[in-house]
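Participant: Per our numbering, numbering through the sequence shown is continuous, rising by one, with the last residue being 1958.
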Amino acid sequence: MRFSRIIYAAILMLSGFPFATAAEVGKPNIVFLLSDDHSYPFLSTYDNPNVKTPTLDRLASEGMKFHRFFTGAPQCVPSRACLMTGRSPVAAKMTRFSAPLPREEVTLAELLREKGKYFTGVCGRSFHLDGSARTGHAVAQIFEKYDLKTFKDRVDFLNTCPDNAVAVQLGEFLNKKPADRPFFMWANFSDPHHPWNAPAELRPEPAALVLPPHWPDLPGVREQLADYCAEVNRVDRTISSVLDVLKQRGFITNTLIVFCGDNGAALPHGKGSLYDPGSNVPFLVWWPGVVQPGGDTKELISGEDLAPTLLAAAGVAPGPRMSGVSFLPLLKGEPHQPRKHVFIERGPHGSAPVNVSMSNSGYDLSRAVRSDRFKFIYNCTPWIPYAPVDSAGGLGWKEMQAANAAGKLSPGLKATYFTAPRPVYELYDLDADPSELNNLSGKRNIATIERELREALAEKMILDGDYLPLPALLDEDAPSVRRNNGQRRKNAND
1465 MRFSRIIYAA
1475 ILMLSGFPFA
1485 TAAEVGKPNI
1495 VFLLSDDHSY
1505 PFLSTYDNPN
1515 VKTPTLDRLA
1525 SEGMKFHRFF
1535 TGAPQCVPSR
1545 ACLMTGRSPV
1555 AAKMTRFSAP
1565 LPREEVTLAE
1575 LLREKGKYFT
1585 GVCGRSFHLD
1595 GSARTGHAVA
1605 QIFEKYDLKT
1615 FKDRVDFLNT
1625 CPDNAVAVQL
1635 GEFLNKKPAD
1645 RPFFMWANFS
1655 DPHHPWNAPA
1665 ELRPEPAALV
1675 LPPHWPDLPG
1685 VREQLADYCA
1695 EVNRVDRTIS
1705 SVLDVLKQRG
1715 FITNTLIVFC
1725 GDNGAALPHG
1735 KGSLYDPGSN
1745 VPFLVWWPGV
1755 VQPGGDTKEL
1765 ISGEDLAPTL
1775 LAAAGVAPGP
1785 RMSGVSFLPL
1795 LKGEPHQPRK
1805 HVFIERGPHG
1815 SAPVNVSMSN
1825 SGYDLSRAVR
1835 SDRFKFIYNC
1845 TPWIPYAPVD
1855 SAGGLGWKEM
1865 QAANAAGKLS
1875 PGLKATYFTA
1885 PRPVYELYDL
1895 DADPSELNNL
1905 SGKRNIATIE
1915 RELREALAEK
1925 MILDGDYLPL
1935 PALLDEDAPS
1945 VRRNNGQRRK
1955 NAND
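So, in structure tokens, the structure goes:
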């Protein structure tokens, strides 16, 4: 143990970060860095050749990186509600995008302040939990009438600002911190969210990009992906300036740093989608003297688990209604019981009114459960056609629509994006089909797995008080589950 700590100290010294032993760490300061619309694996530490992220790569190499961290929703507002409350967006009543977090929902920051005596703050891009500013004057008046905007009461420091001002805001926050109190700062970044306007020098060459199977190789798709990767590269540079402030102020040795995305990329199959790129996000933890360098895990972690874990790190008990489970033992290299499932929900997006010609980018009601190997999706509004959130007007999606109309898309891509109506039930073998292009729901040879996932999802919906009808629960003696799928199945092999 002593030898390993000497090696760890040498690594930190070479990186420019001072070293603290576990005994010196005590109650850590906590910095939570949250990028926006950031899908896994868009960091170069995950061997993604399309991006260059040296700052975050260093945090990963000196800490632990997670491959299977899933946010509670593929959208900003419900995802952040889940991260802050340790509960699902459904349980926290935050499935409507424009909703303010109910006052009775207790957040991570409040528990750290009340129970752990932390000085707490939020800065950067809108944190999205005081109600949408885009709902108009009438709705804003209702929020004011009933005092529904609560974050001014939940933290000691609250200041939204552009990405390039986050480092300055962190400095101002630290100036106000009492000398005898640890701190918690939630710093939000806009990148890689739209608008995609990063400097040209950060933009990779579109022709050199490696595309996953769930995107057709079209010029517009490559152009948009290059724009997106430039945003990822820029947020890495921005975060470097934030870490410099911590280092200059002498807070780096006893600070637990967490980095993750709030949901997936605003590209097809991503943001707003219950496929993995919608909610599987980069997740890194750096904590000198506690998290050993080079940690790498593929355990399933839910966004519900973040708050209980950070509370445990601070020596604070989780809130009584938190359903997330602390993975602090995993960070410490101690025995840890992994999750069997993570759950993701999808509700309305943005403040767009319902209309007869809308796509599911603005309104969708669906749920998903994922195990290590399988994903089950339950679509409750299957008649609404698919369109990508925030990028339906982009060149990539327009070219995909044109390719579909011309019969040039592969069967899997056609089934995934242009089936109408969409299937009520979807089931994917993620080992054989990681891009989730071949729906297996109703297949006799996988009926037992589908039944188990349906039952797990039903249990979660019941415990969370979900307002949607439960999925059909399959009869073990039924000769085929196909009779329970009374709709067209999205199956490239049909």
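Don't be surprised by glycine CBs; every beta carbon is placed ideally from N, CA and C. Only a predicted model underlies this, so the values are computations on that prediction, with no experimental measurement involved.
When the distance is taken between beta carbons, is SER1508 closer than 8 Å to ASP1436?
Facilitator: The structure shown does not extend to residue 1436, since the chain spans only 1465 to 1958, so no value can be given for it.
Participant: Apply the 10 Å Cβ neighbour rule to GLU1488 and answer buried if 16 or more other Cβ atoms are within range, or exposed otherwise.
Facilitator: In this predicted model, GLU1488 has a pLDDT of only 37, less than 50, meaning its place in the structure is not dependable; the value taken from the coordinates is given anyway. That one is exposed.
Participant: Am I right that ASP1691 and ARG1667 are in contact with their C-beta atoms under 8 Å? What's the rounded C-beta distance?
Facilitator: The Cβ separation is near 7 Å, so the contact holds.
Participant: Looking at C-beta atoms only, is the number of pairs between the segment 1803-1816 and the segment 1824-1835 that lie closer than 8 Å three or more?
Facilitator: Yes, since at least three Cβ pairs between the segment 1803-1816 and the segment 1824-1835 fall closer than 8 Å, the two stretches touch.
Participant: Below 6 Å CB to CB, which residues in the same chain sit around ALA1776 once its five sequence neighbours on both sides are set aside?
Facilitator: Here the set comprises SER1790, LEU1792.
Participant: Grab the span of the alpha helix (DSSP H) containing PRO1741 for me, first residue to last.
Facilitator: 1740-1743
Participant: Going by Cα to Cα distance, which pick from GLY1725, PRO1683, LYS1711 is closest to VAL1696?
Facilitator: GLY1725
Participant: Taking its Cβ as the centre, do 16 or more other Cβ atoms sit within 10 Å of ASN1988, making it buried, or is it exposed?
Facilitator: With the chain covering only 1465 through 1958, there is no way to say anything about residue 1988.
Participant: Less than 8 Å between C-beta atoms, sequence neighbours within five positions excluded: which residues of the same chain meet that for PRO1933?
Facilitator: CYS1844
Participant: Measuring straight from C-alpha to C-alpha, what distance separates TYR1582 and LEU1576?
Facilitator: For TYR1582 and LEU1576, the distance between alpha carbons rounds to 5 Å.
Participant: Please determine if the segment 1848-1856 and the segment 1888-1896 are in contact, where contact requires at least 3 C-beta pairs separated by less than 8 Å.
Facilitator: They do not touch, by the three-pair rule.
Participant: Can we say the segment 1748-1763 touches the segment 1526-1539, given the rule of at least three CB pairs closer than 8 Å?
Facilitator: yes
Participant: Kindly give me the distance between the Cβ atoms of GLN1963 and ASN1727, rounded to whole angstroms, as I take these residues to be in contact under 8 Å.
Facilitator: This structure leaves residue 1963 out entirely; the chain is present only between 1465 and 1958.
Participant: Kindly indicate the opening and closing residues of the alpha helix (DSSP H) around HIS1733.
Facilitator: HIS1733 -> no alpha helix (DSSP H), and no H or E assigned at all.
Participant: Could you check where the beta strand (DSSP E) with LEU1575 kicks off and where it finishes?
Facilitator: No beta strand (DSSP E) holds LEU1575; the alpha helix (DSSP H) holding it covers 1572-1580.
Participant: Assuming contact is defined by CB atoms lying nearer than 8 Å, are ARG1589 and SER1654 in contact in what I supplied?
Facilitator: yes
Participant: Applying the criterion that 16 or more other CB atoms from any shown protein chain within 10 Å of the CB defines a buried residue, is VAL1674 buried or exposed?
Facilitator: exposed
Participant: Check this for me: beta carbons of SER1835 and HIS1805, under 8 Å apart or not?
Facilitator: yes
Participant: Enumerate in chain order the residues of its own chain whose CB-to-CB distance from GLY1734 is below 6 Å, with the five nearest sequence positions on each side excluded.
Facilitator: SER1503, GLY1728, PRO1741, GLY1742
Participant: Could you tell me whether any non-hydrogen atom of the ligand GDP is closer than 7 Å to the CB of LEU1937?
Facilitator: Ligands in the displayed structure: none, and consequently the ligand GDP is not present.
Participant: Alpha carbon to alpha carbon, how far is PHE1648 from GLN1633? Give it in angstroms, no decimals.
Facilitator: 13 Å
Participant: What does DSSP give as the partner residues of ILE1913 in its beta bridges?
Facilitator: Answer is none; ILE1913 lacks a bridge partner.
Participant: Along the chain, where does the alpha helix (DSSP H) containing ASN1639 start, and where does it finish?
Facilitator: 1630-1640
Participant: Are the beta-carbon atoms belonging to SER1899 and PRO1746 less than 8 Å from one another?
Facilitator: Result no, Cβ atoms of SER1899 and PRO1746 do not sit closer than 8 Å.
Participant: Would you decide whether ASP1939 is buried or exposed? Buried here means 16 or more other CB atoms lie within 10 Å of its CB.
Facilitator: Exposed is the call here.
Participant: Could you check whether the Cβ of GLU1890 sits closer than 8 Å to any Cβ belonging to chain D?
Facilitator: Included in the structure is just one protein chain, with no chain D present.
Participant: Near ARG1946, which residues of its chain fall below 7 Å by C-beta distance, leaving aside the five closest residues on each side in sequence?
Facilitator: Confidence in ARG1946 is poor, its pLDDT being 45 and thus under 50, which makes the residue's placement unreliable; the coordinate value appears in the next sentence. So the qualifying residues of the chain are GLY1906.
Participant: Cβ of LEU1497 within 8 Å of Cβ of PHE1715?
Facilitator: With a cutoff of 8 Å on beta-carbon distance, LEU1497 and PHE1715 are scored as not near each other.
Participant: Ends of the alpha helix (DSSP H) at TRP1861?
Facilitator: 1859-1869
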